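Here's the structure, in structure tokens; my notes come after.
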Amino acid sequence: MSPRRTLAEARLTRAGIIRHGVDVASVEGLEGLTIGRLATDLGMSKSGVLGHFGDKESLQLAVVELAADEFWRDVWEPVAAAPAGLPRLRAVAGSWLRYLTGDRPPGGCFFMAAGPEFDDRPGPVRDAIAGAADRWHRELLHQARQADGEVARDPEQVVFELTGIMLALHAAHRLRRDPSAPARAARAVARLLDLRD
Numbered sequence: 524m525s526p527r528r529t530l531a532e533a534r535l536t537r538a539g540i541i542r543h544g545v546d547v548a549s550v551e552g553l554e555g556l557t558i559g560r561l562a563t564d565l566g567m568s569k570s571g572v573l574g575h576f577g578d579k580e581s582l583q584l585a586v587v588e589l590a591a592d593e594f595w596r597d598v599w600e601p602v603a604a605a606p607a608g609l610p611r612l613r614a615v616a617g618s619w620l621r622y623l624t625g626d627r628p629p630g631g632c633f634f635m636a637a638g639p640e641f642d643d644r645p646g647p648v649r650d651a652i653a654g655a656a657d658r659w660h661r662e663l664l665h666q667a668r669q670a671d672g673e674v675a676r677d678p679e680q681v682v683f684e685l686t687g688i689m690l691a692l693h694a695a696h697r698l699r700r701d702p703s704a705p706a707r708a709a710r711a712v713a714r715l716l717d718l719r720d
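Heads up, the sequence shown is in our numbering, so the first residue is 524 and it goes up one at a time.
Shown next, in the form of structure tokens:
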């Protein structure tokens with residue numbers, strides 16, 4: 524077997540471990556993401572999994588990175604070409620709503636689960652989660668500022684309230700299994716982005 528093929532196979536194996544790690548962590552949290560659990564799920568040895576990362580923290584960081592990339596791909600990219608201003612802000616909000624009520628990842632929004640798990644725990648994993656959340660906040664704020672004048676609210680307040688709606692949706696939909704949560708969230712977003720003070 525050529526070294527090039529071996530390297531390519533190793534990359535594919537590592538990518539598969541990380542992909543599965545996102546799914547596991549979305550349901551059981553990043554602390555539930557263990558080398559042993561992944562090895563069992565993927566039919567690998569513990570040393571085989573560990574060899575790709577070195578330690579649990581490196582695995583967690585790789586999982587956070589992929590989760591952030593997938594969130595961006597699933598929420599932002601489908602609406603990035605919408606007309607700037609209020610139309611794009613509405614499109615972003617709608618895309619975020621669809622993501623939160625979808626079935627990928629299986630445990631719901633990775634960051635809404637990981638944030639509370641690591642919010643008061645200093646270290647690289649918390650920093651990576653906070654960095655992904657900050658990036659999303661900056662993008663939302665940019666979109667709200669572009670809609671300034673079309674929505675008669677301070678852009679910072681719009682982002683704060685929009686995030687609050689999404690957190691409420693996630694809790695109602697995932698924890699309480701409230702079937703009316705998506706429609707309620709959509710109405711709350713419409714009021715936030717349609718009404719003028």
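Where is the CB? At the ideal position from N, CA and C, for every residue including glycine. Quick caveat, the model's predicted, so the values are computed rather than measured.
Asked                                                                                                                                                 : Found
Using DSSP with H/G/I as helix, E/B as strand and the rest coil, what is Asp671?                                                                      : strand
Give the DSSP-derived three-state secondary structure of Pro647 in the structure shown.                                                               : helix
Express the C-alpha separation of Val586 and Ser549 in angstroms, rounding to a whole number.                                                         : 10 Å
Check this for me: beta carbons of Ala562 and Gly571, under 8 Å apart or not?                                                                         : yes
Quick one: residues in its chain with C-beta nearer than 8 Å to the C-beta of Gly590, no 5 flanking neighbours on either side, listed in chain order? : According to the sequence provided, residue 590 is Ala. The question's Gly does not apply to it. So the list reads Val545, Ala548, Ser549, Pro628, Phe633, Phe634, Ala637, Ala655, once near-sequence residues are dropped.
If you follow the alpha helix (DSSP H) that Pro678 is in, where does it begin and where does it stop?                                                 : 678-693
For the candidate residues Ile541, Ile558, Gly608, whose alpha-carbon lies nearest to that of Asp592?                                                 : Ile541
What is the C-beta distance between Gln666 and Leu612, in whole angstroms, given that I count them as a contact (C-beta under 8 Å)?                   : 5 Å
Nearest to Asp717 by CA position, among Leu584, Asp657, Ala616, is which residue?                                                                     : Ala616
Which two residues bound the contiguous alpha helix (DSSP H) that contains Val712?                                                                    : 704-717
DSSP three-state label for Pro639, please.                                                                                                            : helix
Applying the 10 Å Cβ sphere with the 16-neighbour rule, what's the burial state of Gln724?                                                            : Because the chain spans 524 through 720 in this model, residue 724 falls outside it and cannot be assessed.
Tell me the DSSP secondary structure of Asp626 in three-state form.                                                                                   : coil
Over what stretch of residues does the alpha helix (DSSP H) that includes Ala590 continue unbroken?                                                   : 579-594
Ends of the alpha helix (DSSP H) at Leu573?                                                                                                           : 569-576
Only counting the same chain, and skipping five residues up and downstream in sequence, which positions put a Cβ closer than 6 Å to that of Asp701?   : Ala695
Helix or strand or just coil, what does DSSP make of Asp720?                                                                                          : A caution first: Asp720 carries a pLDDT of 41, below 50, which makes its placement in the model too unreliable to give a value.
Taking the alpha-carbon positions, what's the Arg668 to Val681 distance?                                                                              : 9 Å
Skipping 5 residues on each side, what residues in its chain have a beta carbon closer than 6 Å to that of Phe576?                                    : Leu582
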